[in-house]
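Working notes for the structure below.
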Amino acid sequence: MPLRRSARVQAQPKTELPNGQIAEAAAPPKKRARKPKATEKAATNAIAHEDTTHDGATVSMEPPPTTPNKRRKVANSPTKPPPITPTPSAIGLMTSNSVLRPGYSTGDIDDATPPPENRRAGPHQTNAALITPGGTQVQDINEDNTTTTPSRPSTGPNTTSGSLLEQARAHLSQTDPNLQTVIAKHHCRIFSPEGLAETIDPFRSLASGIMAQQVSGAAAKSIKNKFIALFPPEACPTGFPPPKLVADTPLPRLREAGLSQRKAEYIQGLAQKFDTGELTVSMLMNGSDEEVMEKLVAVRGLGVWSVEMFMCFGLKRMDVFSTGDLGVQRGMAAYKGRDVGKLKAKGGKWKYMSEKEMLETAEPFRPWRSLFMWYMWRIEDVDVDAMATG
1 MPLRRSARVQ AQPKTELPNG QIAEAAAPPK KRARKPKATE KAATNAIAHE
51 DTTHDGATVS MEPPPTTPNK RRKVANSPTK PPPITPTPSA IGLMTSNSVL
101 RPGYSTGDID DATPPPENRR AGPHQTNAAL ITPGGTQVQD INEDNTTTTP
151 SRPSTGPNTT SGSLLEQARA HLSQTDPNLQ TVIAKHHCRI FSPEGLAETI
201 DPFRSLASGI MAQQVSGAAA KSIKNKFIAL FPPEACPTGF PPPKLVADTP
251 LPRLREAGLS QRKAEYIQGL AQKFDTGELT VSMLMNGSDE EVMEKLVAVR
301 GLGVWSVEMF MCFGLKRMDV FSTGDLGVQR GMAAYKGRDV GKLKAKGGKW
351 KYMSEKEMLE TAEPFRPWRS LFMWYMWRIE DVDVDAMATG
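Residue numbering for the sequence shown follows the UniProt record's numbering, beginning at 1 and increasing consecutively.
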């Protein structure tokens, strides 16, 4: 039977040294005591102190402090998920305007606020009230001319800013009665008489659209505010720096607003085109859809999608249709009764609907495809209200 270590140590023979003395066997090494943790030490001291008495009374200590567990912060979930298309934030910034907008009449007899001016309107012209960078409103040269041209086909003798939306809604309902539900549910303020009366500075809108490219809405708004702050207020009659001032400003100065080098170049190049007259507010007001598209896509920094959004929501032209917008593509898939959730798992640019089918589906809604596109966003619950705010 093996002996325990203590027994073996005691049983070790004693050694006789050369001087005749007997050497004791070395004691086994002691184990190093574990250092108590701070919480254990505090608890031990508290227990020991609790056993002491003072004048016969027991003194008790509070339990040792403990480190509370960190609580994870849970972000409040939005009531509606962010839109799958960049349209709302980009267009909201593009159409926002620091110029004070006039109030509009409620229709009450004692309301002294004048109603929106009733102007000539149509699907193939600019229906927005445009102003120059100097603040002068530009008039439609065909305001009093009823002559039709190939670029401006007639839409009827009584198409005005007051009747434009109702005429467009009637055409959509007649083309497809299934749209009546979504049309009745959602009022499109953008193309309403009040929306058409809001003034738009084209240079400001296009420059703001460039700022909003590939950044969040909050970041774009911050950049825009910093950009405006670079210039003295007295030099900005509309609340936004005019093209000449931007064209003459060095790029490093423009970049102080938070712009990338490329975006600063794009905005300065846009300003130069307005300053030299290569782009004019008059052309944007009176040119055909094809002419406006051709002139604007030739500007660095303005792609087809950006120009389509500006023509639709800035100039408020009524026959614009963007096949490159993912929100429109999704909405059209839902409009055709397809399972958008299943289609989402597919890859490719046209996973919801092909470009050819999109164009064929939208064709019967000419010349009011801008409004049809707006309802396609609504079908998919994309928050297009952001387009007209700011």
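Glycine included, C-beta positions come from ideal geometry on N, C-alpha and C.
Since the structure is predicted, the reported quantities are computational estimates derived from the model, not experimental observations.
Check	Outcome
If I measure Cβ to Cβ from L164 and keep anything under 6 angstroms in the same chain, skipping five residues before and after, which residues do I get?	A121
According to the Cβ coordinates, are R204 and T238 closer than 8 angstroms?	yes
Can V320 and T132 be called in contact, C-beta distance under 8 angstroms?	no
Please name the residue or residues paired with A129 in a DSSP beta bridge.	T199
Would you kindly work out how many angstroms separate the C-alpha atoms of K273 and F191, rounded to a whole number?	29 angstroms
With distance defined between alpha-carbon atoms, name the residue in C236, G347 and P123 nearest to M318.	P123
Note down the Cα distance separating E166 from Y335, rounded to an integer number of angstroms.	22 angstroms
Would you report the Cα separation of L359 and P252, rounded to the nearest angstrom?	43 angstroms
Could you say if the stretch 345–362 and the stretch 323–330 meet the contact criterion of at least three C-beta pairs nearer than 8 angstroms?	yes
Among L284, V215, Q213 and L270, which residue has its Cα nearest to the Cα of K244?	L270
For L230, report the span of its alpha helix (DSSP H) as first-last.	Here L230 belongs to no alpha helix (DSSP H), and DSSP marks it neither H nor E.
So the candidates are S260, H171, H186 and G277; which of them puts its Cα closest to the Cα of Q213?	S260
Quick one: Cα of G258 to Cα of F313, how far?	26 angstroms
Taking the alpha helix (DSSP H) that D289 belongs to, which residues open and close that run?	D289 to V297
On the DSSP bridge assignment, give the partners of R120 in chain order.	T160
Applying the 10 Å Cβ sphere with the 16-neighbour rule, what's the burial state of T136?	exposed
Mind reading off the beta-carbon distance from V328 to W377? Whole number of angstroms is fine, and I expect it under 8 angstroms.	7 angstroms
In its own chain, which residues sit with a C-beta less than 8 angstroms from the C-beta of I379, not counting the 5 before and 5 after it?	V182, G331, A334 and Y335
Please report the Cβ distance between I200 and L302, rounded to the nearest whole angstrom; I am assuming they are in contact, meaning their Cβ atoms lie under 8 angstroms.	That pair is no contact at about 16 angstroms.
Just how far apart, CA to CA, sit A247 and K356?	41 angstroms
Using only the alpha-carbon positions, how far apart do K224 and P193 sit?	28 angstroms
Taking the Cβ atom as the reference point for each residue, do K295 and M285 lie within a distance shorter than 8 angstroms?	no
Between Q268 and L279, is the Cβ-Cβ spacing less than 8 angstroms?	no
In angstroms, rounded to a whole number, what distance separates the CA positions of I84 and G217?	For I84, the predicted structure reports a pLDDT of 42, less than 50, and the residue's modelled location is therefore unreliable. A value from the coordinates is still provided. Going from the Cα of I84 to the Cα of G217 covers about 13 angstroms.
Can you tell me whether Q167 is helix, strand or coil according to DSSP?	helix
Looking at the secondary structure, which residues open and close the alpha helix (DSSP H) in which G348 lies?	Note, G348: premise wrong, no alpha helix (DSSP H); not H, not E.
Which first and last residues belong to the alpha helix (DSSP H) in which T276 is found?	Q261 to T276
Can you tell me where the alpha helix (DSSP H) holding Q180 begins and where it ends?	Q180 to K185
Please name the residue, chosen from M311, I210 and G341, that lies closest to M373 on a Cα-to-Cα basis.	M311
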